[in-house]
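J.: Residue numbers (our numbering): 11 to 334. Quick one: the structure is below, questions incoming.
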Ligand code: PMV
């Protein structure tokens with residue numbers, strides 16, 4: 011029995027849209043910070059037939075729907091094809107998978123990056139133990155594009171050219187935190203798999219693709235120099251741009267709500283008046299991630315506690331997926 015544990019990541023330069031939907035090959039590069047919590051644990055063993063079960067943080071079994079089971083089965087098939095291409099023996103055996111998520115209910119943190127990176131880590135340990143992490147990240151991407159980045163700790167980039175992720179700096183390089191604010195009034199959500207598929211319908215999408223190489227450069231430069239102001243400018247520019255692209259696509263996707271917009275305004279004025287190193291970013295939902303330095307953390311936590319309409323979760327930079 012193999013066990014792997016993994017955590018979500020938060021993108022600073024966002025991945026939105028694919029150049030190949032089935033293989034989840036991103037249309038552009040992206041860059042993220044891996045978080046140290048909440049974790050997802052995957053146990054895996056060889057079995058004649060594929061089976062999948064999932065348990066919540068409180069130990070209760072989570073009923074999976076047909077679509078979720080199908081997505082995982084497809085992921086395994088795609089990983090087999092990729093492992094064959096990389097020269098590893100193909101087997102007729104399948105696997106039994108048990109997922110244990112420590113993501114508290116209602117926290118609104120996307121778990122797909124943590125789940126699919128843990129599955130790829132465990133599956134490669136069974137089928138191809140010598141596989142390099144870059145190739146393991148390519149396997150994770152076949153389940154969820156952003157999962158490729160959670161294979162690595164610290165800061166990781168997912169390159170469209172190779173379809174693999176790469177570590178940009180490890181978790182010891184710059185100790186940043188993510189104070190996550192989850193507004194309770196969430197509206198109906200279109201998942202990111204569906205959203206990626208219609209990204210090309212947005213008249214703003216082509217312009218976005220042109221801007222990404224410059225933003226990646228600036229973001230990597232800001233990380234290597236620990237230049238927070240530069241990181242803030244480029245990551246907020248990119249997050250707002252992704253949401254503009256989403257709103258302009260057909261059908262229009264507006265993931266942000268009134269609470270999101272209010273929090274962004276309050277954070278902008280707080281950081282100006284108190285000179286705080288904090289930046290905001292949002293993925294496919296109204297949840298606001300407040301990424302901050304050690305120096306700003308206690309003030310940002312105090313601000314978060316005043317947000318009675320939100321569930322708050324504090325995490326720090328983490329070390330990526332691993333076998334346990
Ligand atoms: O990995 P997916 O298919 O859930 O896509 C993630 C998309 C965003 O979270 C919106 C951006 C990102 O880079 O994580």
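Virtual Cβ for every residue (Gly too), placed ideally from N, Cα, C.
Would the beta-carbon of residue 39 be found less than 7 angstroms away from any heavy atom of the ligand PMV?
T.: In this structure, the C-beta of residue 39 stays at least 7 angstroms away from each heavy atom of the ligand PMV.
J.: Taking residue 251 as part of the beta strand (DSSP E), name the residues at either end of that continuous run.
T.: Looking at the DSSP string, residue 251 is not in any beta strand (DSSP E); the run it does join, the alpha helix (DSSP H), is 238 to 258.
J.: May I ask which residues mark the beginning and end of the beta strand (DSSP E) holding residue 53?
T.: 50 to 57
J.: Considering only residues of the stretch 182 to 231, which uninterrupted beta strand (DSSP E) runs meet the minimum length of 3 residues and lie entirely inside it, listed in chain order?
T.: Scanning the stretch 182 to 231 for uninterrupted beta strand (DSSP E) segments of 3 residues or longer gives 187 to 193, listed from N- to C-terminal end.
J.: Is the beta carbon of residue 160 closer than 8 angstroms to that of residue 18?
T.: Contact: yes.
J.: Assign residue 110 to one of three DSSP states: helix, strand, or coil.
T.: strand
J.: If you reduce the DSSP assignment to three classes, tell me which class residue 25 lands in.
T.: Looking at residue 25 - three-state DSSP - the assignment turns out to be coil, as it is neither helix nor strand.
J.: With residue 266 and residue 296 assumed to form a contact (beta carbons below 8 angstroms), what rounded beta-carbon distance in angstroms separates them?
T.: 6 angstroms
J.: Do you know offhand how far residue 239's Cα is from residue 46's?
T.: Take the alpha-carbon of residue 239 and the one of residue 46: they are about 23 angstroms apart.
J.: Please indicate yes or no: does the CB of residue 155 lie closer than 7 angstroms to some heavy atom of the ligand PMV?
T.: yes
J.: Just to confirm, does residue 299 get its C-beta within under 7 angstroms of one of the non-hydrogen atoms of the ligand PMV?
T.: no
J.: Any heavy atom of the ligand PMV closer than 7 angstroms to the Cβ of residue 294?
T.: yes
J.: Taking 8 angstroms as the threshold (C-beta atoms), are residue 40 and residue 168 in contact?
T.: yes
J.: Which ranges does the beta strand (DSSP E) cover as unbroken runs of at least 3 residues, wholly within the stretch 30 to 102, from first to last along the chain?
T.: With a minimum length of 3 residues, the unbroken runs of beta strand (DSSP E) contained wholly in the stretch 30 to 102 fall at 40 to 44, 50 to 57, 61 to 65.
J.: Buried or exposed, going by whether 16 or more other CB atoms sit within 10 Å of the CB of residue 48?
T.: buried
J.: Touch check for the stretch 134 to 150 and the stretch 170 to 189: three-plus C-beta pairs under 8 angstroms?
T.: yes
J.: Taking only heavy atoms of the ligand PMV into account, decide whether any of them is closer than 7 angstroms to the Cβ of residue 208.
T.: no
J.: Please work out which residues of its chain come closer than 6 angstroms, Cβ to Cβ, to residue 261, disregarding the five sequence neighbours upstream and downstream, and give them in chain order.
T.: none
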